[in-house]
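S.K.: Here the sequence shown is numbered in numbering that gives the first Met the number 0, starting from 0 and rising by one per residue.
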Amino acid sequence: MRDVPLYPLRFDPILKQLIWGGRRLETILRKPLGAGTRYAESWEIADHRDDVSQVAEGPLKGVSLRDLIQTRGNELLGQHLGPASQFPLLVKYIDAHQVLSVQVHPDDAKGKLLANDNGKTEAWVIIHAEPGSLIYAGLNPGVTRPEFAEALKTGQVEPLLHRFEAKPGDCIMIPAGTVHAIGAGVVLAEIQQMSDATFRVYDWGRVGTDGRPRPLHLAEALESTNYAAGPVDPLNPTAIPIAGGTREPLARCPYFALERLRLNGPTTVGSHDRFTILLGLAGDTEIRTGETADLLGFGQTRLLPSSLGECQLVPRGESVVLTCVVP
0 MRDVPLYPLR
10 FDPILKQLIW
20 GGRRLETILR
30 KPLGAGTRYA
40 ESWEIADHRD
50 DVSQVAEGPL
60 KGVSLRDLIQ
70 TRGNELLGQH
80 LGPASQFPLL
90 VKYIDAHQVL
100 SVQVHPDDAK
110 GKLLANDNGK
120 TEAWVIIHAE
130 PGSLIYAGLN
140 PGVTRPEFAE
150 ALKTGQVEPL
160 LHRFEAKPGD
170 CIMIPAGTVH
180 AIGAGVVLAE
190 IQQMSDATFR
200 VYDWGRVGTD
210 GRPRPLHLAE
220 ALESTNYAAG
230 PVDPLNPTAI
240 PIAGGTREPL
250 ARCPYFALER
260 LRLNGPTTVG
270 SHDRFTILLG
280 LAGDTEIRTG
290 ETADLLGFGQ
300 TRLLPSSLGE
310 CQLVPRGESV
320 VLTCVVP
């Protein structure tokens with residue numbers, strides 16, 4: 000395995016069936032689903048406890064991301080990150096056939112204390128939204144911890160939530176400590192810290208598959224919420240001309256930086272000092288590395304190892320690609 004040159008890596012999706020999921024991972028994003036009607040998430044790149052991505056094709060087919068980190072970490076991650084025991088980011092697609100629970104994720108310190116996990120800051124890029132679909136992001140201005148605690152007791156959480164209509168192309172940054180929910184009818188890409196720490200505060204009166212209300216985590220949520228943050232709105236990116244199209248800087252935080260490339264000609268991505276993640280948001284794009292080419296389709300994801308350095312992206316016609324790096 001050590002002698003095989005690294006290449007753009009596609010991983011087998013890890014599919015999650017949850018009560019609020021549907022079938023649009025297949026009908027919109029072309030994921031191969033089995034039987035069932037509640038496919039909620041497709042984990043594209045993951046290294047979290049028992050959920051570890053495996054390479055889907057090429058000479059490294061079947062090798063886990065965790066094994067690559069352990070045996071070829073510098074080639075994969077780059078010297079910018081240094082030695083690591085875990086891949087730092089989780090990339091997924093989400094189909095909210097029903098509204099998700101109102102929830103909050105802890106920061107790193109509270110994640111370790113309350114969930115034995117990393118913190119969870121995340122960003123969303125909306126791919127599809129039914130008319131009237133909503134995003135709930137942040138508390139309304141001035142909501143205090145005592146007011147939030149009382150709302151949790153009485154189940155009157157919804158009036159405290161900031162909301163707006165979901166629109167395809169919107170990018171929303173959800174820092175740890177932000178109370179949020181994805182409304183019914185939304186399909187989106189999510190980039191986040193490698194964590195599954197989630198504290199559910201309100202579930203819309205829904206019951207689980209066992210006919211009982213799903214558990215809430217009220218004490219942990221109260222402790223994890225950032226009451227000073229206030230409401231969150233979609234980002235308003237500026238398009239910057241580049242060779243082959245435009246780039247739009249989107250969400251940026253200490254954990255990841257996202258840019259959206261709108262391409263009508265060749266451009267370059269990648270760096271020898273860090274890995275790059277690519278998500279195909281529209282059209283088809285060739286990834287050219289030396290003598291070889293790989294096709295990134297709509298709804299697909301690739302991990303470009305740092306050892307590749309600069310790669311060329313060549314759209315077939317026009318395409319949209321989301322890029323993600325660790326700053």
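All residues carry an ideal CB built from backbone N, CA and C; glycine is no exception.
From which residue to which residue does the alpha helix (DSSP H) around residue 152 run?
M.R.: Per DSSP, residue 152 belongs to the alpha helix (DSSP H) from 144-153.
S.K.: What do you reckon, are the CB atoms on residue 126 and residue 171 nearer than 8 Å?
M.R.: No, the Cβ-Cβ distance between residue 126 and residue 171 is not below 8 Å.
S.K.: Check whether the Cβ atoms of residue 39 and residue 93 lie closer than 8 Å to each other.
M.R.: Cβ atoms of residue 39 and residue 93: closer than 8 Å.
S.K.: Since residue 21 is in the beta strand (DSSP E), which residue starts that stretch and which ends it?
M.R.: Residues 13-21.
S.K.: If you draw a straight line from the alpha carbon of residue 122 to that of residue 162, how long is it in whole angstroms?
M.R.: Those two C-alpha atoms are separated by around 16 Å.
S.K.: Apart from the five residues just before and just after residue 278, which ones in its own chain have a Cβ nearer than 6 Å to its Cβ?
M.R.: These residues qualify, in order along the chain: 188, 300 and 321.
S.K.: For residue 117, collect the residues of the same chain with a Cβ closer than 8 Å to its Cβ; drop the 5 residues on either side in sequence, then sort them by chain order.
M.R.: Counting only Cβ-Cβ distances below 8 Å, and skipping sequence neighbours, we find 107, 110, 111, 192, 193, 194 and 196.
S.K.: Based on DSSP bridge pairs, tell me the residues matched to residue 328.
M.R.: Any question about residue 328 goes unanswered here, given that the chain covers just 0 to 326.
S.K.: Tell me the DSSP secondary structure of residue 69 in three-state form.
M.R.: Note: residue 69 maps to helix in three-state DSSP.
S.K.: Can the beta-carbon of residue 10 be found closer than 8 Å to that of residue 64?
M.R.: Yes, the Cβ-Cβ distance between residue 10 and residue 64 is below 8 Å.
S.K.: Please give me, in chain order, every unbroken run of the alpha helix (DSSP H) with length at least 4 that falls completely inside the region 78-131.
M.R.: With a minimum length of 4 residues, the continuous alpha helix (DSSP H) runs that stay inside the region 78-131 are 107-114.
S.K.: Would you kindly work out how many angstroms separate the C-alpha atoms of residue 17 and residue 89, rounded to a whole number?
M.R.: Taking the straight line from one Cα to the other gives about 18 Å.
S.K.: Work out the CA separation of residue 53 and residue 159 for me, nearest whole Å.
M.R.: If I take the Cα positions, the gap works out to 41 Å.
S.K.: So, do the region 308-326 and the region 128-143 have three or more beta carbon pairs nearer to each other than 8 Å?
M.R.: The answer is no - the region 128-143 does not touch the region 308-326, with fewer than three Cβ pairs under 8 Å.
S.K.: Just to check my reading of the structure: residue 32 and residue 22 have Cβ atoms closer than 8 Å, yes? What is that Cβ distance to the nearest angstrom?
M.R.: Rounded, the Cβ-Cβ distance is 7 Å, consistent with contact.
S.K.: Identify the continuous alpha helix (DSSP H) that holds residue 217 and give its terminal residues.
M.R.: Here the alpha helix (DSSP H) through residue 217 covers 217-223.
S.K.: Looking only at C-alpha atoms, which of 209, 297, 12 and 227 sits nearest to residue 45?
M.R.: The residue with the shortest Cα to Cα distance from residue 45 is 12.
S.K.: Using CA atoms only, rank isn't needed, just tell me which of 198, 249 and 315 is closest to residue 169.
M.R.: Closest by alpha carbon: 249.
S.K.: Is residue 270 near residue 74, with beta carbons less than 8 Å apart?
M.R.: It is not a contact, given that the beta carbons lie outside the stated cut-off.
S.K.: Identify whether residue 262 lies in helix, strand or coil by the three-state DSSP scheme.
M.R.: The answer is strand: DSSP assigns residue 262 an E or B state.
S.K.: Please confirm whether residue 231 and residue 180 have their CB atoms less than 8 Å apart.
M.R.: No, these two residues do not count as a Cβ contact at 8 Å.
S.K.: What separation, rounded to the nearest whole angstrom, lies between the Cα atoms of residue 275 and residue 265?
M.R.: About 17 Å.
S.K.: Tell me where the beta strand (DSSP E) around residue 172 begins and ends.
M.R.: Segment 170-173, the beta strand (DSSP E) holding residue 172.
S.K.: My understanding is that residue 30 touches residue 244, with C-beta atoms under 8 Å, so please give their C-beta distance in whole angstroms.
M.R.: Between residue 244 and residue 30 the Cβ distance is about 27 Å, and since that is not below 8 Å, they are no contact.
S.K.: With burial defined as no fewer than 16 other Cβ atoms inside 10 Å of the residue's Cβ, what is the status of residue 239: buried or exposed?
M.R.: That one is exposed.
S.K.: At the level of alpha carbons, what is the spacing between residue 36 and residue 26?
M.R.: Going by the C-alpha atoms only, they are around 12 Å apart.
S.K.: I'd like to check one pair, residue 318 with residue 262: are the Cβ atoms closer than 8 Å?
M.R.: Against a cut-off of 8 Å, the Cβ pair of residue 318 and residue 262 comes out as a contact.
S.K.: What first and last residue would you give for the beta strand (DSSP E) that runs through residue 180?
M.R.: Here the beta strand (DSSP E) through residue 180 covers 179-181.
S.K.: Return no unless some Cβ of chain C is closer than 8 Å to the Cβ of residue 254.
M.R.: Absent from the structure: chain C. Only one protein chain is present.
S.K.: Counting along the chain, where does the beta strand (DSSP E) carrying residue 244 start and finish?
M.R.: Start and end: 244-251.
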